[in-house]
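In UniProt numbering, the protein residues as written are 1 to 189. By construction, the Cβ of each residue, glycine as well, lies at the ideal position given by its N, Cα and C atoms. If you're wondering where the values come from, they're calculated on a predicted model, not measured in any experiment. Following: one structure in structure tokens, then a few remarks.
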């Protein structure tokens with residue numbers, strides 16, 4: 001019987017197929033007992049004897065991987081692998097998988113992010129609350145057309161936010177640990 005540690009708090013919450021498949025295959029599931037991102041010290045206690053880890057943002061460090069002697073696979077439920085020590089995983093023969101496109105979430109998150117930018121700049125929530133309470137206060141928001149937007153992280157979500165910002169003729173300043181010449185050339189970031 002394979003033991004699977006599910007660190008990701010969202011895995012299986014909406015769509016149960018993954019959990020059901022693992023159970024049908026006879027896996028013993030160990031669900032995150034703390035209800036939060038698991039830190040190195042938490043994982044050190046949970047990983048002995050585990051064959052697989054389904055992780056979100058849990059801290060899978062070299063120390064964790066050294067203790068997880070029979071670990072065969074880490075499956076990242078999401079994008080980005082910066083919370084996993086890939087060098088140690090590779091050295092120990094642990095396969096690491098992830099969802100690089102993260103499905104439709106990228107566009108939805110970028111839409112939500114830009115919606116928040118508009119809401120804050122135009123004071124939409126404050127104006128809405130004022131009207132709902134029977135008042136008619138005047139709110140002067142800021143236009144975002146042609147303004148400067150800073151984006152930290154130019155992964156798939158950051159790029160999608162930048163595309164939306166360009167639709168508002170915004171100058172975009174971006175930071176990422178990896179230079180993306182295509183992003184610079186295409187969007188003038």
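**heavy atom of the ligand NAP below 7 Å from residue 152 C-beta** = Because no ligand of any kind appears in the structure shown, any question about the ligand NAP cannot be addressed here.
**N-terminal and C-terminal residue of the alpha helix (DSSP H) that residue 123 is part of** = Per DSSP, residue 123 belongs to no alpha helix (DSSP H) and is neither H nor E.
**Item:** residue 68 to residue 49 span [Cα, whole Å]
**Value:** 7 Å
**Request:** Determine the burial state of residue 158: buried for a count of at least 16 other Cβ atoms within 10 Å of its Cβ, exposed for fewer.
**Result:** buried
**Asked** Where does residue 141 sit, in a helix, a strand or coil, going by DSSP?
**Response** coil
**Asked** Nearest CA to the CA of residue 153: which residue from 39, 176, 89?
**Response** Ranked by Cα distance from residue 153, the first of 39, 176, 89 is 176.
**Candidates 155, 64, 91: closest to residue 105 by CA position** = 155
**Same chain, Cβ closer than 6 Å to residue 166, five either side skipped, listed in chain order** = 187
**Prompt:** Exposed or buried, which one is residue 34 when buried takes at least 16 other CB atoms within 10 Å?
**Reply:** exposed
**Prompt:** In chain order, what residues of the same chain have a beta carbon less than 6 Å from the beta carbon of residue 5, not counting five sequence neighbours either side?
**Reply:** 30, 46, 50, 53
**Prompt:** Candidates 11, 87, 147, 181: which alpha carbon is nearest residue 171's?
**Reply:** 147
**Prompt:** What did DSSP end up calling residue 19 once you bin it into helix, strand or coil?
**Reply:** helix
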